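Going by the numbering used here, the first residue of the sequence shown is number 280, and it counts up by one from there. Glycine included, C-beta positions come from ideal geometry on N, C-alpha and C. Every value quoted in this text rests on a predicted model; they were computed, and no experiment measured them. Report on the structure given below.
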Amino acid sequence: MQIPQRLGIEAKDACVLINPADQKALTLILTDLAGRELLSKKVEQFSEKIILETGQIPSGTYFVQTWQQGKMVATGMFLKI
Numbered sequence: 280m281q282i283p284q285r286l287g288i289e290a291k292d293a294c295v296l297i298n299p300a301d302q303k304a305l306t307l308i309l310t311d312l313a314g315r316e317l318l319s320k321k322v323e324q325f326s327e328k329i330i331l332e333t334g335q336i337p338s339g340t341y342f343v344q345t346w347q348q349g350k351m352v353a354t355g356m357f358l359k360i
């Protein structure tokens, strides 16, 4: 999983680039540094870019976890300024 800098999307949103080994459904979970879940998005239709609408969360450091079939398969971190 890659969390790139802006890719021509709304400044309030985060874009996650994903290249799953298989096309099974996955869930992206956004947490803060304390581990509180702030956002969850289930993905069943795949594309390389998945937009997480982060406009309502405050500035800070966050983790994005990718879960598939009950297992965490990837994690990434980003800074919202």
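Residue i versus the options, residue with shortest Cα-Cα distance
| i | options | result |
| --- | --- | --- |
| Phe357 | Ile308, Lys321, Ala304 and Lys350 | Ile308 |
| Leu305 | Ile329, Leu317 and Gln335 | Ile329 |
| Ala313 | Ser319, Gln335, Thr340 and Val322 | Thr340 |
| Gly334 | Thr354, Leu317, Ala353 and Val352 | Leu317 |
Rounded separation between residue i and residue j - CA only
| i | j | result |
| --- | --- | --- |
| Ser338 | Glu332 | 13 Å |
| Ile360 | Gln302 | 33 Å |
| Val362 | Gly355 | No information on residue 362 is available, as it lies outside the stretch 280 to 360 that the chain covers here. |
Residue burial classification, residue i (beta-carbon count within 10 angstroms, cutoff 16)
| i | result |
| --- | --- |
| Thr345 | buried |
Helix, strand or coil at residue i according to DSSP, with G and I counted as helix
| i | result |
| --- | --- |
| Lys303 | coil |
| Ala313 | coil |
| Thr333 | coil |
| Ser338 | coil |
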